[in-house]
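Colleague: Throughout, our numbering is defined as the position within the sequence shown, counted from one, plus 4. Glycine included, C-beta positions come from ideal geometry on N, C-alpha and C. Here the structure is a predicted model, which means the values were calculated and not measured. For reference, the structure I am asking about is given below.
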Amino acid sequence: MDGFEKYYRKNWEQRLEVLIKQAKLNKQQVELLKINAQDPNLGETMIENFITQYSLPEGLALNLVVNDKEYLVPMVTEEPSVIAAASHGAGIVKRVGGFRAKIHERLMLGQVVCENVSDAVALQTYFKENESSLLDCANQAHPSIVKRGGGARWLRSRVLAADLVSLDLAVDVQEAMGANMLNTMLEAVAQKIISECNQDILMSILSNYATECLVSATCQIPVNALAKNGISGEKIAAKLAQASRLAQLDPYRAATHNKGIMNGIDAAVLASGNDWRAIEAGAHAYAAKDGQYRGLSQWYVEGEVLKGELTLPLPLGSVGGSISIVPLVKVNHDLLNFKGAKELETVIVSLGLAQNLAALYALVTEGIQKGHMSLQLKSLAVSVGAKDTEIAQVVQLLKQQGLRDSKSAKEILKQLRKE
Ligand code: MEV
5 MDGFEKYYRK
15 NWEQRLEVLI
25 KQAKLNKQQV
35 ELLKINAQDP
45 NLGETMIENF
55 ITQYSLPEGL
65 ALNLVVNDKE
75 YLVPMVTEEP
85 SVIAAASHGA
95 GIVKRVGGFR
105 AKIHERLMLG
115 QVVCENVSDA
125 VALQTYFKEN
135 ESSLLDCANQ
145 AHPSIVKRGG
155 GARWLRSRVL
165 AADLVSLDLA
175 VDVQEAMGAN
185 MLNTMLEAVA
195 QKIISECNQD
205 ILMSILSNYA
215 TECLVSATCQ
225 IPVNALAKNG
235 ISGEKIAAKL
245 AQASRLAQLD
255 PYRAATHNKG
265 IMNGIDAAVL
275 ASGNDWRAIE
285 AGAHAYAAKD
295 GQYRGLSQWY
305 VEGEVLKGEL
315 TLPLPLGSVG
325 GSISIVPLVK
335 VNHDLLNFKG
345 AKELETVIVS
355 LGLAQNLAAL
365 YALVTEGIQK
375 GHMSLQLKSL
385 AVSVGAKDTE
395 IAQVVQLLKQ
405 QGLRDSKSAK
415 EILKQLRKE
């Protein structure tokens with residue numbers, strides 16, 4: 005496809021023209037790309053081959069109280085029920101005192117992987133004996149972080165196979181998520197190892213398995229606060245604990261359990277301008293930390309109280325990356341009203357636990373579909389072309405007739421328009 009050669013060198017307008025000529029888009033479609041592009045200059049600075057801004061709905065989760073402070077949490081998601089569920093879960097916990105959350109440690113990890121190692125013991129000895137000069141080398145590669153009170157903190161090495169050794173570097177990256185900083189430091193350390201040991205290096209890269217950046221949220225709910233529709237709180241609490249046990253035992257359930265947690269975490273991470281794929285990768289690796297994939301949260305009953313706990317790696321930044329360049333991220337930070345990366349992490353881990361509580365609560369009581377239905381029917385109505393003025397009627401008729409497929413929705417819309 006000729007027009008796509010050196011596509012990145014074309015300007016935005018030229019790129020869109022190519023789409024008409026070579027990708028068979030029509031004029032209206034290209035117009036849609038133009039309208040949504042918002043600020044093409046910004047888009048061009050962020051990614052290659054920019055054509056438009058793809059937007060998702062953003063809403064606020066309410067009721068989230070963490071360490072005695074209430075937060076408004078901007079969430080970006082396409083899934084209809086996520087924000088309602090987060091506010092619901094947070095509301096249950098707010099009524100009984102809110103979440104407590106804490107940071108265990110906040111260091112980012114990266115690795116320099118040595119290959120074709122002939123003597124792993126000798127290499128490990130070199131790392132031990134040269135620890136301080138290797139740390140100095142990392143710090144010299146990024147002196148500004150040292151000035152801000154951060155910097156390389158420690159090293160460890162792991163023999164992965166007789167010929168493959170990983171040197172792991174832990175860095176205090178202060179307010180940033182620190183990926184670039186870490187990669188720069190790691191590459192400098194790799195050069196030093198090459199020159200001093202004549203050692204082959206396979207790669208130097210941060211690890212998203214951020215085990216030195218764990219965050220926990222807990223909550224305690226008197227069981228009587230869980231009673232619903234004539235079902236006792238005690239019974240619901242017991243079922244929630246059983247649901248938690250299930251996610252510890254069964255990876256099939258654990259994946260869905262954790263997906264529910266990440267529904268909240270990803271949406272808030274995205275709105276905060278952070279890299280949600282990094283958080284996803286770390287969370288799932290941590291879920292398999294003992295060799296079996298398990299639920300990240302645990303719920304159990306002690307006396308008359310249901311206790312919930314969620315721990316996961318959550319390396320979020322309050323500065324850096326897209327954070328300082330996307331104007332909406334600044335608005336979201338102001339809405340969140342937090343003081344630094346650590347506070348942001350405590351809020352988002354608590355949101356994950358709230359999201360999980362709401363999902364499990366629905367699953368063990370009325371089932372998930374009832375609460376989701378209104379929003380799903382709305383999406384269905386929109387997907388078949390209902391206009392703003394028609395959506396409510398289509399939803400009502402679908403509900404009345406117990407229908408939820410798009411063929412029926414289309415039919416209902418057709419009928420309505422005839423009338
Ligand atoms: C749906 O997006 C998330 C849930 O499946 C989570 C869960 O099952 O715990 C409802």
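Who are the Cβ neighbours of Glu135 in its own chain at under 7 Å, not counting the five residues just before and after it?
Modeller: For the purposes of this step, residue 135 is identified with residue 131 of the sequence shown, where counting begins at 1. Only Leu159 meet the Cβ criterion.
Colleague: Relative to the alpha-carbon of Leu4, which residue among Arg104, Tyr75, Thr215 and Leu355 has its alpha-carbon at the smallest distance?
Modeller: Because the chain spans 5 through 423 in this model, residue 4 falls outside it and cannot be assessed.
Colleague: Within the present structure, is the beta-carbon of Ile416 separated from the nearest heavy atom of the ligand MEV by less than 7 Å?
Modeller: Here residue 416 is taken as the residue at index 412 of the sequence shown, counted from 1. It does not: the Cβ of Ile416 is nowhere closer than 7 Å to a heavy atom of the ligand MEV.
Colleague: Ignore the nearest five residues each way along the sequence and tell me which others in Ile235's own chain have a CB closer than 8 Å to its CB.
Modeller: Locating residue 235 in the sequence shown gives position 231, where the first residue counts as 1. Answer for Ile235: Thr369, listed in chain order.
Colleague: Just curious, the beta strand (DSSP E) that Met5 is in, first and last residue?
Modeller: To locate residue 5, count along the sequence shown from 1; it is residue 1. Met5 -> no beta strand (DSSP E), and no H or E assigned at all.
Colleague: Since Gln115 contacts Leu171 with CB under 8 Å, what's their CB separation in whole angstroms?
Modeller: Stepping through the sequence shown from its first residue, residue 115 is reached at position 111. Stepping through the sequence shown from its first residue, residue 171 is reached at position 167. With 8 Å as the limit, Gln115 and Leu171 qualify as a contact, their Cβ atoms being about 7 Å apart.
Colleague: Spell out a yes or no on whether the segment 178 to 195 and the segment 124 to 132 are touching, meaning 3 or more CB-CB pairs, one atom from each, closer than 8 Å.
Modeller: Flag = no, the segment 178 to 195 and the segment 124 to 132 do not touch.
Colleague: What's the call for Thr49, buried or exposed, on a 16-neighbour Cβ count within 10 Å?
Modeller: Within the sequence shown, residue 49 is the residue found at index 45, counting from 1. Thr49 comes out exposed.
Colleague: Determine the direct distance from the alpha carbon of Leu355 to that of Ala245, and round the result to whole angstroms.
Modeller: Working through the sequence shown from its first residue, we reach residue 245 at position 241. Working through the sequence shown from its first residue, we reach residue 355 at position 351. Using only the alpha carbons, I get a separation of about 19 Å.
Colleague: Mind checking whether Val80 and Phe103 have CB atoms under 8 Å apart?
Modeller: Counting from 1 along the sequence shown, the entry for residue 80 is found at position 76. Counting from 1 along the sequence shown, the entry for residue 103 is found at position 99. No. Outside cutoff.
Colleague: Pull up the distance between the alpha-carbon of Ala259 and that of His92, whole angstroms please.
Modeller: Residue 259 sits at position 255 when you count from the first residue of the sequence shown. Residue 92 sits at position 88 when you count from the first residue of the sequence shown. In a straight line, the C-alpha of Ala259 is about 22 Å away from that of His92.
Colleague: DSSP state of Asn143, grouped into three classes?
Modeller: Counting from 1 along the sequence shown, the entry for residue 143 is found at position 139. Residue state, collapsed to three classes: helix.
Colleague: Count Cβ pairs between the segment 278 to 292 and the segment 249 to 263 that sit closer than 8 Å; are there 3 or more?
Modeller: The segment 278 to 292 vs the segment 249 to 263: in contact.
Colleague: Work out the CA separation of Gly325 and Tyr304 for me, nearest whole Å.
Modeller: On the sequence shown, position 300 is the one that residue 304 refers to. On the sequence shown, position 321 is the one that residue 325 refers to. Distance between the alpha carbons of Tyr304 and Gly325 is about 39 Å.
Colleague: Check whether the segment 271 to 291 and the segment 202 to 209 are in contact - that is, three or more C-beta pairs closer than 8 Å.
Modeller: The segment 271 to 291 vs the segment 202 to 209: no contact.
Colleague: Which residue wins for smallest C-alpha separation from Ser387, given the options Glu415, Leu318 and Val77?
Modeller: Within the sequence shown, the letter at position 383 stands for residue 387. When each option's Cα is compared against that of Ser387, the closest is Glu415.
Colleague: Once you ignore the five residues that flank Asn71 on each side, which residues in its own chain have a CB closer than 7 Å to its CB?
Modeller: Locating residue 71 in the sequence shown gives position 67, counting from the first residue. So the list reads Arg104, Ala105 and Thr350, once near-sequence residues are dropped.
Colleague: Kindly identify the DSSP beta-bridge partner or partners of Trp280.
Modeller: Along the sequence shown, read from residue 1 onward, the residue named residue 280 stands at position 276. DSSP lists no partner for Trp280.
Colleague: Assuming Ala156 contacts Leu139 (C-beta within less than 8 Å), just tell me the rounded distance between them.
Modeller: As a position in the sequence shown, residue 156 is number 152, starting the count at 1. As a position in the sequence shown, residue 139 is number 135, starting the count at 1. Ala156 to Leu139, Cβ: 4 Å. Contact.
Colleague: Ignoring anything shorter than 3 residues or poking outside the segment 68 to 143, list the beta strand (DSSP E) runs there in chain order.
Modeller: 73 to 80, 104 to 107 and 112 to 119, all fully within the segment 68 to 143.
Colleague: How about the segment 267 to 279 and the segment 332 to 342: do they share at least three Cβ pairs that are nearer than 8 Å?
Modeller: Counting Cβ pairs under 8 Å, three or more are found: they touch.
Colleague: Quick one: Cα of Gly153 to Cα of Asn143, how far?
Modeller: Here residue 153 is taken as the residue at index 149 of the sequence shown, counted from 1. Here residue 143 is taken as the residue at index 139 of the sequence shown, counted from 1. Gly153 and Asn143: Cα-Cα distance of roughly 11 Å.
Colleague: How big is the Cα-Cα spacing for Gln302 and Gln397?
Modeller: Position 298 of the sequence shown, counted from the first residue, corresponds to residue 302. Position 393 of the sequence shown, counted from the first residue, corresponds to residue 397. Answer to the nearest angstrom: the Cα atoms are 42 Å apart.
Colleague: Note the first and the last residue of the continuous beta strand (DSSP E) segment covering Lys311.
Modeller: By one-based count along the sequence shown, residue 311 stands at place 307. From DSSP, the beta strand (DSSP E) with Lys311 extends over Val309 to Pro317.
Colleague: Output yes or no for whether 8 Å exceeds the beta carbon distance between Arg421 and Leu381.
Modeller: As a position in the sequence shown, residue 421 is number 417, starting the count at 1. As a position in the sequence shown, residue 381 is number 377, starting the count at 1. In this structure, Leu381 does not lie closer than 8 Å to Arg421 by Cβ.
Colleague: By a C-beta neighbour count over all protein chains shown, 10 Å radius and 16 as the cutoff for buried, is Asn45 buried or exposed?
Modeller: By one-based count along the sequence shown, residue 45 stands at place 41. Exposed, since its Cβ has fewer than 16 Cβ neighbours within 10 Å.
Colleague: Between which two residues does the beta strand (DSSP E) containing Glu306 stretch?
Modeller: As a first step, residue 306 must be located in the sequence shown, where it is residue number 302. Start and end: Ser301 to Glu306.
Colleague: Return the Cβ separation of Ala88 and Ala358 in integer angstroms, given the expectation that the two are a contact with Cβ distance under 8 Å.
Modeller: Translated into the one-based positions of the sequence shown, residue 88 becomes position 84. Translated into the one-based positions of the sequence shown, residue 358 becomes position 354. At roughly 12 Å, the Cβ-Cβ gap does not stay under 8 Å, so Ala88 and Ala358 are not in contact.
Colleague: Thinking Val177 and Met112 are a contact (beta carbons under 8 Å), I'd like their distance in whole angstroms, please.
Modeller: One-based indexing of the sequence shown puts residue 177 at position 173. One-based indexing of the sequence shown puts residue 112 at position 108. Going by Cβ atoms, the distance from Val177 to Met112 rounds to 5 Å, so yes, they are a contact pair.
Colleague: Can you pull the DSSP bridge partners for Gly63?
Modeller: In the sequence shown, counting from the first residue as 1, residue 63 sits at position 59. Gly63 is bridged to Met79.
Colleague: Find the nearest neighbour of Ile107 within the set Lys73, Asn30, Ala272 and Ile352, judged by alpha-carbon distance.
Modeller: Along the sequence shown, read from residue 1 onward, the residue named residue 107 stands at position 103. Taking only the C-alpha atoms, the option nearest Ile107 is Ile352.
Colleague: On the CB-based measure, 16 or more other CB atoms within 10 Å of its CB, does Tyr12 come out buried or exposed?
Modeller: As a working note, residue 12 is residue 8 in the sequence shown. Answer is exposed; the Cβ neighbour count stays below 16.
Colleague: Looking at the ligand MEV, does it come within less than 7 Å of Ile269, judged from the CB to the closest heavy atom?
Modeller: In the sequence shown, counting from the first residue as 1, residue 269 sits at position 265. No, since every heavy atom of the ligand MEV falls outside the 7 Å radius drawn around the Cβ of Ile269.
Colleague: Whole angstroms is fine: what's the gap from Val227's alpha carbon to Glu238's?
Modeller: Along the sequence shown, read from residue 1 onward, the residue named residue 227 stands at position 223. Along the sequence shown, read from residue 1 onward, the residue named residue 238 stands at position 234. Cα to Cα, Val227 sits roughly 5 Å from Glu238.
Colleague: Would the beta-carbon of Leu76 fall within 8 Å of that of Leu60?
Modeller: If you number the sequence shown from 1, residue 76 lands on position 72. If you number the sequence shown from 1, residue 60 lands on position 56. No, they are not a contact pair.
Colleague: Report the three-state DSSP secondary structure of Val351 (helix, strand or coil).
Modeller: Along the sequence shown, read from residue 1 onward, the residue named residue 351 stands at position 347. Val351 falls in the helix class under three-state DSSP.
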